[in-house]
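If you read the sequences in order, they're chains A, B, C and D. Going by my numbering, the first residue of the first sequence is number 801, and it counts up by one from there. Going by my numbering, the first residue of the second sequence is number 801, and it counts up by one from there. Going by my numbering, the first residue of the third sequence is number 801, and it counts up by one from there. Going by my numbering, the first residue of the fourth sequence is number 801, and it counts up by one from there. Glycine included, C-beta positions come from ideal geometry on N, C-alpha and C. Written below as structure tokens is the structure these notes are about.
There are 4 protein chains.
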Amino acid sequence: MLSSEQQKQRKRAHIIHAAARVFAEKGFSGTMMADIADHARIGKGTLYEYFDSKEDLFFSVFEWYARETEAAAKVSISALGGSASERLAILSESVMQSWLKMKDLFTLVMEFWAASASSQMRKRFKGYFRQAYEDFRTVVAALIREGMQHGEFQEDVVPESVAAALVGSWDALLLQAWFDDRFDPLTTARNHVAIVIRGMAGGARVEL
Amino acid sequence: MLSSEQQKQRKRAHIIHAAARVFAEKGFSGTMMADIADHARIGKGTLYEYFDSKEDLFFSVFEWYARETEAAAKVSISALGGSASERLAILSESVMQSWLKMKDLFTLVMEFWAASASSQMRKRFKGYFRQAYEDFRTVVAALIREGMQHGEFQEDVVPESVAAALVGSWDALLLQAWFDDRFDPLTTARNHVAIVIRGMAGGARVEL
Amino acid sequence: MLSSEQQKQRKRAHIIHAAARVFAEKGFSGTMMADIADHARIGKGTLYEYFDSKEDLFFSVFEWYARETEAAAKVSISALGGSASERLAILSESVMQSWLKMKDLFTLVMEFWAASASSQMRKRFKGYFRQAYEDFRTVVAALIREGMQHGEFQEDVVPESVAAALVGSWDALLLQAWFDDRFDPLTTARNHVAIVIRGMAGGARVEL
Amino acid sequence: MLSSEQQKQRKRAHIIHAAARVFAEKGFSGTMMADIADHARIGKGTLYEYFDSKEDLFFSVFEWYARETEAAAKVSISALGGSASERLAILSESVMQSWLKMKDLFTLVMEFWAASASSQMRKRFKGYFRQAYEDFRTVVAALIREGMQHGEFQEDVVPESVAAALVGSWDALLLQAWFDDRFDPLTTARNHVAIVIRGMAGGARVEL
DNA sequence: CATGAATGAGGCTTCATTCAT
DNA sequence: GATGAATGAAGCCTCATTCAT
């Protein structure tokens, strides 16, 4: 039997999932609170028992989405073994894989970007994104630095730069895939990472 | 003395510039037509002499922005000389440079992405973006392929993949720079491109 | 206690009555939705819970008005007894009487005519009017034909023509009364019907 | 060669004709000053050289229309000869004929009615209509009274009532014809007038 | 707690009118 | 005189939010 608090959390989560689908499809402005209530099969008024406002709900969706993708990334990273090159390749692969699983929610990311660009919620979103990107770059840079320390990668490599570009490419390839159904982001990422690894390795042939 | 048609075009452009500033600052939904009229120092009704609707104006801003960035990219490409590696590095540099010049309008791009994700204008935006990315990838891939034909780059390189990642990294690094003032996208791009070029070159040392 | 559906119908009717008064006074274009809301003592937004648009509300007022006058006419007709002449005279009398009761809403009819003449709602109104006039003419013509079969009226009478003129005169006399306070449509109608009946009866003296 | 004043009057009339067509098609509210200017092949601003406002122009159209129909009616009346019955029948016929000629402008009448019902111009229109109907009734009543004096019509006839009904029937039959293409107002009017004349004559057979 | 009917501030858009050319 | 680009008041409608049930 669930405590009342757990009940509440469950319902909150339920609403967030419903809202995520609707926001993904129609965008923040295009979404009506009534839409969300309908999708969650609850009354419009009930939404306000769980969230203060539309913005609050949207931000809650953002937090949920961020937690999900972070969790996925952490799993990817923690499960790594082998050389830095291998681990980098596997990380790229598994990040892409896990994001592709949520592909239909990718439009949410675009909405979040836009929200951090110019909405009234700008600050909250922007701060969160800054931190998230920084964290992610740091993790990847650490991996690269490790590879440099092990002599896998050349000393002229700037870990932060390559990390930023790699992290960025994961976003950007999904973005391009979103615009174009015929675009294959997985293969593209694989090929690109292989080149980057070989580049970092100094041009030496790399076995993955 | 200007012809009436030229006058009209001038004023249209004037409104588009004003609108671009306001949309960039407040986003599509956050912007009121009255804001734009004020910024353009014209009456609210005058906007409708030049544009059918808020959406039409927004899309016109998009077209203008797209033309501007395209033009900048074309200049970069046409002015290239030297080896494929050099030309790639210069292209990257100049694309980043020219986009950075419009940095304060970068939020527009996020708005455009969001618009193609879920607004009612989705189709128009999405189609345009798909084409633009494809065109850009094609140009860059051609450059890489050239490098392969000249023996600069290894035969195992997949030009389309690297092109997509490069194009994507330009977007993505600007995005990260937008979130974080301390992030330097120019240097990052330079470092990344160098690695990619060395990766494509295989064993060959590359002079940039 | 009323069911929710009944409640809704009641409120709808309430709004229609309020709207009828305002439309009657200011006409379709002269009426603002806010006026109607004020008169109905509800919020502006509430109107849209019950009607899709101003036009929809206007047409609903029309339907209500048409139902009311139709109902009145049907009562008049069904309650008839006696000779065709008597019934015709009584019908005329009671139609005029019942329409005079709604005299202050007669301007609505003029608005409806105008709406069927040239508004965007033209088709809906026009079709309805065509049918209503046809139905009414048919009923009156049947009455006249009956009189002909009973030998009350001459054989050279064209029932449809007289019916159309009688039905028309009811409209037209109210119209003239509307323009001129000193004009007495009831007496006028009575005198006219008497003449028409005598005319249809040919040589026969008619007792009313 | 025309004087400047005549020039002005000509152009004024030209605008009125153009406006009449547009108002007839779209109604007062549905008509835009720009529409009228286009139809008159003049600039929007020019309209205001000739008319103070949209309402002024509309009323001018009304005056023109009223003058036209009055003139037609006067011609009908003045040309009459023969018995009162004959003259009445001919009057009816020629009024209907002349109005049918302007059939495509009949919607204007509905607009005028509506304008006198509830527009801001109500008073001007209403007063004019009151007078016009009164005048018309007076003319027809005089004709009937003449017939009574000559012994053509019975003494129990109330000339004003029959006149009102006849005048009304001309309006009303055109109205019904407007709603229903299959309705023949001319024949209907003929048949009705014949009955009315016979009724006034006391049921005696009347030769027309 | 849950609901959904009611609300009204807010924003897009229209169009009669003006006035500089 | 004629024009039509510019204007801004006005009005329809939406939708986040409230609150009585």
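- [ ] Please confirm if Ala818(B) has its CB atom under 9 Å from at least one CB of chain A.
- [x] Taking Cβ atoms only, chain A never reaches closer than 9 Å to Ala818(B), which makes this a no.
Task: For Ser804(D) and Met832(B), the rounded distance between their alpha carbons - done: 50 Å
Open item on the list: If we require 4 or more residues per run, which alpha helix (DSSP H) segments fall completely within the segment 804-857 of chain C?
Closed with: 804-830, 833-840 and 844-850
Open item on the list: At 4 residues or longer, what runs of the alpha helix (DSSP H) sit wholly inside the segment 920-979 of chain A?
Closed with: 922-949 and 959-979
Open item on the list: Restricting to runs no shorter than 3 residues, where is the beta strand (DSSP E) found entirely within the segment 854-918 of chain C?
Closed with: none
Open item on the list: Rounded to the nearest angstrom, what separates Arg841(A) and Trp913(B) at their Cα positions?
Closed with: 30 Å
Task: Proximal residues to Ala964(D) (C-beta, below 6 Å), its chain only, five neighbours per side dropped - done: Arg937
Open item on the list: Looking at the secondary structure, which residues open and close the alpha helix (DSSP H) in which Ala1001(B) lies?
Closed with: Unbroken alpha helix (DSSP H) run through Ala1001(B): Pro985 to Ala1001.
Task: Of the residues Asp971(C), Ile877(C), Tyr850(C) and Arg812(C), the one placed nearest Ala942(C), counting alpha carbons only - done: Checking every option, the nearest Cα to that of Ala942(C) belongs to Ile877(C).
Open item on the list: For the pair the segment 970-977 of chain D and the segment 943-951 of chain C, tell me if three or more CB-CB distances fall below 8 Å.
Closed with: The segment 970-977 of chain D is not in contact with the segment 943-951 of chain C.
TODO: Might you give, ordered along the chain, the residues of its own chain that have their beta carbon closer than 6 Å to the beta carbon of Ala993(A), omitting 5 neighbours on each side?
DONE: The amino acid occupying residue 993(A) in the given sequence is Val; Ala does not appear at that position. Only Ala889 and Ser892 meet the Cβ criterion.
TODO: Mind reading off the beta-carbon distance from Gln954(D) to Ala1001(D)? Whole number of angstroms is fine, and I expect it under 8 Å.
DONE: 7 Å
Task: Through-space distance from Arg924(B) to Ile995(A), alpha-carbon basis - done: 35 Å
Open item on the list: Please report the straight-line C-alpha distance between Glu863(C) and Ala977(C), rounded to a whole angstrom.
Closed with: 24 Å
Task: Where Gly999(D) falls, given that 16 or more other Cβ within 10 Å makes a residue buried - done: buried
Task: chain C contact for Arg990(D) (CB, 9 Å cutoff) - done: yes
Open item on the list: Quick check on Leu1008(C): buried or exposed, where buried means 16 or more other Cβ atoms within 10 Å of its Cβ?
Closed with: Residue confidence is low: Leu1008(C) scores 45 on pLDDT, short of 50, so the model does not pin down where it sits. No coordinate-derived value is stated.
- [ ] Establish whether the CB of Lys926(D) and some CB of chain C are separated by less than 9 Å.
- [x] yes
Task: Interface flag, Leu973(C) vs chain D, CB-CB below 9 Å - done: yes
Task: Glu868(D) vs Met902(D) beta-carbon contact at 9 Å - done: yes
- [ ] Please determine if the segment 848-866 of chain D and the segment 811-830 of chain D are in contact, where contact requires at least 3 C-beta pairs separated by less than 8 Å.
- [x] yes
Task: Through-space distance from Lys926(C) to Ile836(D), alpha-carbon basis - done: 25 Å
Open item on the list: Is the beta carbon of Glu886(A) closer than 9 Å to that of Asp1009(B)?
Closed with: Lying before the first or after the last residue shown, residue 1009(B) is absent from chain B, which here runs from 801 to 1008.
Task: Min CB distance Met833(B) to chain A below 9 Å - done: no
Task: Neighbour-count burial assignment, Gly951(C), 16 or more Cβ in a 10 Å radius - done: exposed
Open item on the list: Within 9 Å of any Cβ in chain A, is that where the Cβ of Ala884(B) sits?
Closed with: No, its Cβ sits nowhere closer than 9 Å to a Cβ of chain A.
Task: Within-9 Å CB hit, Thr907(D) to chain C - done: yes
- [ ] Identify the contact partners of Lys826(C) in chain D, using a Cβ-Cβ distance below 7 Å as the criterion.
- [x] Using a Cβ-Cβ cut-off of 7 Å, Lys826(C) is close to Ser918 of chain D, given in chain order.
Task: Chain-order list of residues whose beta-carbon lies under 8 Å from that of Ala915(C) (same chain, five-residue window excluded) - done: Phe828, Phe858, Phe862, Met921, Arg922 and Phe925
Task: Under 7 Å (Cβ pairs) to chain B, residues found in the segment 926-949 of chain A - done: Lys926, Phe929, Arg930, Tyr933 and Glu934
Open item on the list: Since Leu908(C) and Ala989(C) should fall inside the 8 Å C-beta cutoff, what is the C-beta to C-beta distance between them, to a whole number of angstroms?
Closed with: About 20 Å separates the two Cβ atoms, so there is no contact after all.
Open item on the list: Considering only the alpha carbon of each residue, which of Phe851(D), Val940(D) and Val962(D) lies closest to Lys874(D)?
Closed with: Nearest option by C-alpha distance: Val940(D).
Task: Per-residue burial, Glu911(B) [other beta carbons within 10 Å of its own, 16 or more giving buried] - done: buried
Open item on the list: Using 9 Å as the threshold, is the C-beta distance between Ser919(B) and Phe823(A) below it?
Closed with: no
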